[in-house]
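K.L.:
Numbering (my numbering), first residue to last: 71 to 161.
In structure tokens, the structure reads:
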């Protein structure tokens with residue numbers, strides 16, 4: 071599985087999207103190609119350069135649960151585009 075971080079700031083948090091009620095939702099991608107494609111779309115929309123990091127599912131999902139973070143796991147069947155109306159964040 072893969073998450074996104076800011077290039078050069080990998081230890082400062084992972085890319086997430088704040089939903090309409092203010093919760094941060096961590097985006098997790100099953101396939102590296104999908105994470106890379108999403109990172110390119112973010113960069114085209116004006117985000118800083120992104121880095122794709124591989125994470126172990128048995129590490130990232132429990133970490134989210136312990137810290138109370140919501141997450142979405144995107145598969146290659148999902149179509150994901152950067153949201154325009156919500157704030158992007160790093161958790």
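From the three backbone atoms N, C-alpha and C, an ideal C-beta is built for every residue, glycine too. Quantities reported herein were computed from a predicted structural model and do not represent experimental measurements.
Cα-Cα, which of 92, 89, 112 and 132 is closest to residue 74?
P.N.:
For residue 74, the nearest C-alpha among the options comes from 112.
K.L.:
Taking the C-alpha atoms as reference points, what is the distance between residue 100 and residue 81?
P.N.:
Cα to Cα, the separation comes out at about 21 Å.
K.L.:
In terms of residue numbering, what span does the beta strand (DSSP E) encompassing residue 89 cover?
P.N.:
Run containing residue 89: none; DSSP gives neither H nor E here.
K.L.:
For residue 72 and residue 123, which I take to be in contact (beta-carbon distance under 8 Å), what is that distance rounded to the nearest angstrom?
P.N.:
Sure, about 7 Å apart at Cβ, within 8 Å.
K.L.:
Using three-state DSSP, classify residue 71 as helix, strand or coil.
P.N.:
If DSSP states are grouped into helix, strand and coil, residue 71 belongs with coil.
K.L.:
The beta strand (DSSP E) with residue 247 in it runs from where to where?
P.N.:
Here the chain covers residues 71 to 161 and nothing more, so residue 247 does not appear.
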